[in-house]
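Notes for the one structure printed next.
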Amino acid sequence: VQTCALPIWLAQLGLGLGRSARRSSLVTGLLVVLLAAPLLMGFNALWGAGWVFVTGELPVQDVAALIDGANGLEFLPILLLAGIVIPFVEELFFRGVLLGFLEVRLGTVRALLVSSLVFAALHGLYASGPIFALAIVMGLTMVRTRNLMVPFAIHALNNLIQVLLLALS
Numbered sequence: 003v004q005t006c007a008l009p010i011w012l013a014q015l016g017l018g019l020g021r022s023a024r025r026s027s028l029v030t031g032l033l034v035v036l037l038a039a040p041l042l043m044g045f046n047a048l049w050g051a052g053w054v055f056v057t058g059e060l061p062v063q064d065v066a067a068l069i070d071g072a073n074g075l076e077f078l079p080i081l082l083l084a085g086i087v088i089p090f091v092e093e094l095f096f097r098g099v100l101l102g103f104l105e106v107r108l109g110t111v112r113a114l115l116v117s118s119l120v121f122a123a124l125h126g127l128y129a130s131g132p133i134f135a136l137a138i139v140m141g142l143t144m145v146r147t148r149n150l151m152v153p154f155a156i157h158a159l160n161n162l163i164q165v166l167l168l169a170l171s
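Last residue of the sequence shown: 171 in this note's numbering, with the numbers rising by one and none dropped.
As structure tokens, then:
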């Protein structure tokens with residue numbers, strides 16, 4: 003007898019949960035961001051300094067060019083894309099599909115490492131170190147909670163913070 007996977011997906015997305023459970027998942031993601039942020043930001047700074055030392059070039063950030071000159075209503079679509087749409091799609095694929103697929107075949111640790119490496123590699127060489135560290139954090143929260151809303155909240159908050167910091171710089 004084959005069962006429908008839809009209820010499992012709804013539960014992983016937090017959609018099969020009540021309002022308080024969804025809120026709890028988002029709060030958990032926020033707490034992880036607050037606790038991990040100093041380590042991730044420190045690693046990001048060291049990675050950037052190492053990049054400049056090794057290559058002699060300042061890191062290029064595609065998002066910075068997009069943000070430059072945007073103000074008011076022009077900035078809103080950037081925030082929506084970077085803070086909601088892109089994190090949701092990436093988390094759905096990388097933690098919702100790929101991690102689960104690999105976990106069955108490789109075990110949790112290898113699946114976490116492989117999915118995080120793929121995620122980091124797709125974000126470009128300069129960002130691969132910090133993104134890999136963030137992907138490990140998001141993957142660990144997915145493995146621990148089995149709720150996609152937690153890594154989504156981490157990803158969304160990270161992206162929003164990065165976009166706002168770039169806009170302010």
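Just so it is clear, CB atoms sit at the ideal spot from N, CA and C, and this is done for glycine as well.
Check whether the Cβ atoms of residue i and residue j lie closer than 8 Å to each other.
| i | j | result |
| --- | --- | --- |
| Met-144 | Leu-82 | no |
| Glu-92 | His-157 | yes |
| Ala-84 | Leu-162 | yes |
| Leu-119 | Phe-134 | yes |
| Leu-114 | Ile-138 | yes |
Can you tell me whether residue i is helix, strand or coil according to DSSP?
| i | result |
| --- | --- |
| Ala-129 | coil |
| Arg-148 | coil |
| Leu-136 | helix |
| Leu-124 | coil |
| Gln-4 | Here the model assigns Gln-4 a pLDDT of 45, short of 50, so the residue's position is not dependable, and the following value carries that caveat. DSSP places Gln-4 in coil when its eight states are reduced to three. |
How far does the alpha helix (DSSP H) with residue i in it extend, from its first residue to its last?
| i | result |
| --- | --- |
| Glu-105 | 101-108 |
| Asn-161 | 151-170 |
| Ile-86 | Per DSSP, Ile-86 belongs to no alpha helix (DSSP H) and is neither H nor E. |
Using a threshold of 7 Å, is the CB atom of residue i nearer than that to any non-hydrogen atom of the ligand FAD?
| i | result |
| --- | --- |
| Ile-86 | Ligands in the displayed structure: none, and consequently the ligand FAD is not present. |
Excluding the 5 residues flanking residue i on each side, which residues of the same chain have their C-beta closer than 8 Å to its C-beta?
| i | result |
| --- | --- |
| Arg-112 | Leu-104 |
| Ile-184 | Here the chain comprises residues numbered 3 to 171, so residue 184 is not present and cannot be evaluated. |
| Thr-110 | Val-145 |
Can you list, in chain order, the residues of its chain with a C-beta nearer than 6 Å to that of residue i? Leave out the 5 residues immediately preceding and following it.
| i | result |
| --- | --- |
| Phe-96 | Ser-117, Phe-121 |
| Val-165 | Ala-84 |
Leaving aside the five residues before and after residue i along the sequence, list all residues of the same chain whose C-beta is less than 7 Å from its C-beta, in chain order.
| i | result |
| --- | --- |
| Pro-89 | Phe-154, His-157, Ala-158, Asn-161 |
| Ser-130 | Ala-122, Ala-123 |
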